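This report refers to the structure that appears directly beneath it.
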Amino acid sequence: MGNLVQTSSRMTPAGPESDITRKVTLRKERLQNLKPIVRVQGLSKQYRIGVRRASNDTLHETIFRKLCSRLSWFKSNGDLHHETIWALKDVSFEVEPGEALGIIGRNGAGKSTLLKILSRITEPTTGRVELFGRVGSLLEVGTGFHPELTGRENVYLNGAILGMRKAEIERKFDEIVAFSEIEKFIDTPVKWYSSGMYTRLAFAVAVNFEPEILIVDEVLAVGDGPFQKKCLGKMGEISRAGRTVIFVSHNMSAIEALCNRVLWLVDGELVEEAETEKVVSDYVNTGVAVSTE
Ligand SMILES: Nc1ncnc2c1ncn2[C@@H]1O[C@H](COP(=O)(O)OP(=O)(O)O)[C@@H](O)[C@H]1O
Ligand SMILES: [Mg+2]
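Just remember that the numbering used here sits 5 ahead of the position in the sequence shown, which is counted from 1.
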């Protein structure tokens with residue numbers, strides 16, 4: 006392409022050159038359109054298991070643990086042994102803008118870990134992730150909101166983290182509360198929310214802050230029936246509007262209704278990546294698609 010431009014500028018001045026410049030611009034635009042919005046390369050994640058998650062401990066548990074270690078019931082750090090597991094093993098894939106990508110696999114396959122890395126909640130051990138758009142995510146209950154802050158404060162905090170101005174957040178606030186249907190509890194600290202209430206607010210935040218990439222982890226397992234339907238409807242709407250959606254679910258009919266392509270994870274490895282019908286049928290035929298969640 007570079008050669009073409011050079012040759013033309015030497016041979017003819019204005020006319021043909023502008024033709025070629027136009028072609029170059031068109032080609033550039035086409036290449037830009039082909040650029041993935043998410044690029045994941047060689048992603049692996051190692052966890053240490055047998056390690057207490059201190060941040061989740063209550064005061065009671067912390068005191069008890071400290072007492073135990075003083076009394077030498079356990080080793081000094083309170084753990085009997087450390088092992089490691091690979092939750093993700095060398096996973097690579099790309100997502101085109103406007104795609105709805107499903108991720109399926111049994112419990113413990115690494116689906117939530119992948120979504121947490123994509124949402125920058127946790128770092129990969131090796132590999133890299135490139136995201137070319139604003140991310141809105143609904144992850145496992147307990148991720149994304151600060152437990153001591155109220156629903157209202159968390160909405161503002163989330164908006165601020167996404168780089169939104171106060172006025173923009175204010176404009177979206179009523180819509181978020183209306184979608185979540187938890188108006189009565191909006192000034193209650195979210196640590197007192199039921200998992201259903203938490204999910205309602207988190208989903209409303211994720212979809213109403215206009216993400217270019219919407220990441221949703223298993224929301225259907227938590228909310229009640231009507232809310233699940235409303236979430237699926239909203240995700241379909243977002244996808245049809247040309248936004249990118251990445252969706253983890255054990256509900257194969259929801260995956261089939263929403264996604265054009267599916268990744269199947271087994272023990273942290275990407276075993277199949279193809280159009281929805283093919284992957285879902287292979288998954289169902291292995292007899293593992295019966296949900297246990
Ligand atoms: N914070 C963590 N610490 C240690 N192990 C973890 C942690 N999070 C996930 N795991 C482990 O990583 C594996 C993958 O988990 P996860 O990504 O939650 O799977 P899925 O969402 O597919 O059910 C599981 O074996 C799980 O026990
Ligand atoms: Mg999970």
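Using N, Cα and C, we set each Cβ at its ideal position, and we do this for glycine too.
Everything numeric in this text was worked out from a predicted model, so none of it was measured.
Nearest-angstrom Cα separation, counted from residue j out to residue i
i	j	result
Gly83	Arg53	Here Gly83 scores only 47 on pLDDT, less than 50, and its place in the model should not be relied on; the value that follows carries that caveat. Going from the Cα of Gly83 to the Cα of Arg53 covers about 14 Å.
Asn159	Asp222	19 Å
Glu274	Asn163	32 Å
Arg133	Ser49	9 Å
Thr204	Gly47	31 Å
His87	Ile174	44 Å
Val96	Leu136	16 Å
Thr130	His151	25 Å
Glu277	Leu237	24 Å
Lys235	Asp229	10 Å
Val265	Val146	Before going further, note that residue 265 is Asn rather than Val in the sequence given. Cα to Cα, the separation comes out at about 26 Å.
Ala172	Gly55	45 Å
Ile191	Glu242	26 Å
Pro231	Trp91	37 Å
Gly115	Gly149	19 Å
Glu298	Lys239	The predicted position of Glu298 is uncertain, since its pLDDT is 43 and thus under 50; a value taken from the coordinates is nonetheless stated next. Rounded to whole angstroms, Glu298 to Lys239 spans 23 Å at the Cα level.
For residue i, the nearest candidate out of the options (CA to CA)
i	options	result
Glu104	Ala279, Ser286, Gly110 and Tyr288	Ala279
Glu153	Lys196, Ser117 and Ile166	Lys196
Phe214	Ala114, Lys177 and Ile42	Lys177
Ala207	Gly241, Ala262 and Arg157	Arg157
Thr155	Pro194, Leu143, Asp287 and Asn290	Pro194
Leu263	Asp272, Ala246, Arg139 and Leu270	Ala246
Val45	Ile122, Gly55, Phe232 and Thr89	Ile122
Pro41	Gly241, Tyr198, Phe98 and Trp91	Phe98
Leu270	Asp192, Lys239 and Ser117	Ser117
Contact under 8 Å by Cβ, residue i with residue j
i	j	result
Ser200	Val227	yes
Ala209	Ser185	yes
Leu120	Leu93	no
Val224	Leu143	yes
Ala211	Gly141	yes
Val289	Val267	no
Glu261	Thr281	yes
Ile187	Met202	yes
Cβ neighbours of residue i in the same chain (closer than 6 Å, five flanking residues each side left out)
i	result
Tyr161	Ile174
Lys189	none
Thr89	Gln51 and Arg53
Ser296	Per-residue confidence for Ser296 stands at a pLDDT of 47, beneath the threshold of 50, marking its modelled position as unreliable; no derived number is given.
8 Å Cβ cutoff, residue i in contact with chain D
i	result
Arg53	The structure shown contains no chain D, having only a single protein chain.
Near ligand 3: residue i beta-carbon under 7 Å from a heavy atom
i	result
Thr118	As for ligand 3, it is missing from this structure, which binds only ligand 1 and ligand 2.
Close-in-space but distant-in-sequence residues of the same chain around residue i (CB under 8 Å, 5 per side omitted)
i	result
Asp287	Trp269 and Glu277
Beta-carbon proximity list for residue i, same chain, < 7 Å, skipping 5 on both sides
i	result
Asp272	Ala114
Tyr198	Phe190
Met16	Interpretation of Met16 is limited by its pLDDT of 35, a score under 50 that renders its predicted location unreliable; the figure taken from the coordinates is listed afterwards. Excluding sequence neighbours, Met16 sits near nothing in its chain.
ask   = Do the segment 174-192 and the segment 100-119 meet, that is, are 3 or more Cβ pairs less than 8 Å apart?
value = Contact fails: fewer than three Cβ-Cβ distances are below 8 Å.
query = Looking at C-beta atoms only, is the number of pairs between the segment 254-266 and the segment 106-118 that lie closer than 8 Å three or more?
reply = yes
message = Three or more C-beta pairs under 8 Å: does that hold for the segment 164-176 against the segment 117-126?
response = Output reads no: the segment 117-126 does not touch the segment 164-176.
message = Quick test of the definition: if touching needs 3 or more C-beta pairs under 8 Å, does the segment 238-250 touch the segment 210-218?
response = yes
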